[in-house]
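A.B. asks: Structure in structure tokens, see below.
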Amino acid sequence: MLGSERAVVEEWLSEFKALPDTQITSYAATLHRKKALVPALYKVIQDSNNELLEPVCHQLFELYRSSEVRLKRFTLQFLPELIWVYLRLTVSRDRQSN
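52 is the number that full-length UniProt numbering gives to position 52 of the sequence shown; each next residue is one higher, with no gaps.
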């Protein structure tokens with residue numbers, strides 16, 4: 001993962017945590033404009049050894065639990081990749097234990 005991609009993800013992680021409840025709707029409306037964010041999040045998800053994986057998954061879960069529909073939609077785009085990575089790691093661990 002490049003330093004610029006890491007910086008994009010770290011900024012995304014910190015900006016939502018600092019966001020007041022009154023600004024969640026406007027944040028959700030502008031999230032799709034962050035063109036570098038989605039590819040950077042995919043890179044984090046695909047690397048199971050990335051130290052940002054746990055905070056990214058936690059934040060995606062928090063966004064999904066939000067009452068803001070646009071935040072839920074944003075998180076759903078990552079669901080197939082999250083399932084794929086989970087299944088790949090599960091099969092890999094099963095093969096190692098046999």
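Here a beta-carbon is modelled for each residue, glycine too, at the ideal position from N, C-alpha and C. Remember, predicted model here, so these are calculated numbers, not experimental data.
Which residue wins for smallest C-alpha separation from Leu60, given the options Leu2, Glu5, Phe16?
C.D. replies: For Leu60, the nearest C-alpha among the options comes from Phe16.
A.B. asks: Alpha carbon to alpha carbon, how far is Ser48 from Ala40? Give it in angstroms, no decimals.
C.D. replies: Rounded to the nearest angstrom, the two C-alpha atoms are 14 Å apart.
A.B. asks: Check Ser97 in the structure and name its three-state DSSP category.
C.D. replies: Helix, per DSSP.
A.B. asks: Do three or more CB pairs link the stretch 50-60 to the stretch 27-34 at distances below 8 Å?
C.D. replies: Judged by Cβ distances under 8 Å, the stretch 50-60 makes no contact with the stretch 27-34, as fewer than three pairs qualify.
A.B. asks: Less than 6 Å between C-beta atoms, sequence neighbours within five positions excluded: which residues of the same chain meet that for Leu19?
C.D. replies: Contacts found: Tyr27.
A.B. asks: Among Asp21, Leu63, Ala7, which one has its Cα closest to the Cα of Lys43?
C.D. replies: When each option's Cα is compared against that of Lys43, the closest is Ala7.
A.B. asks: Please give the ranges of any alpha helix (DSSP H) in the stretch 47-71, keeping only runs that are unbroken, at least 4 residues long and fully inside the region.
C.D. replies: Complete alpha helix (DSSP H) runs here, min 4: 53-65.
A.B. asks: For a test of the three-state rule: what should DSSP assign to Phe16, helix, strand or coil?
C.D. replies: Note: Phe16 maps to helix in three-state DSSP.
A.B. asks: Work out the CA separation of Asp21 and Gln46 for me, nearest whole Å.
C.D. replies: Those two C-alpha atoms are separated by around 31 Å.
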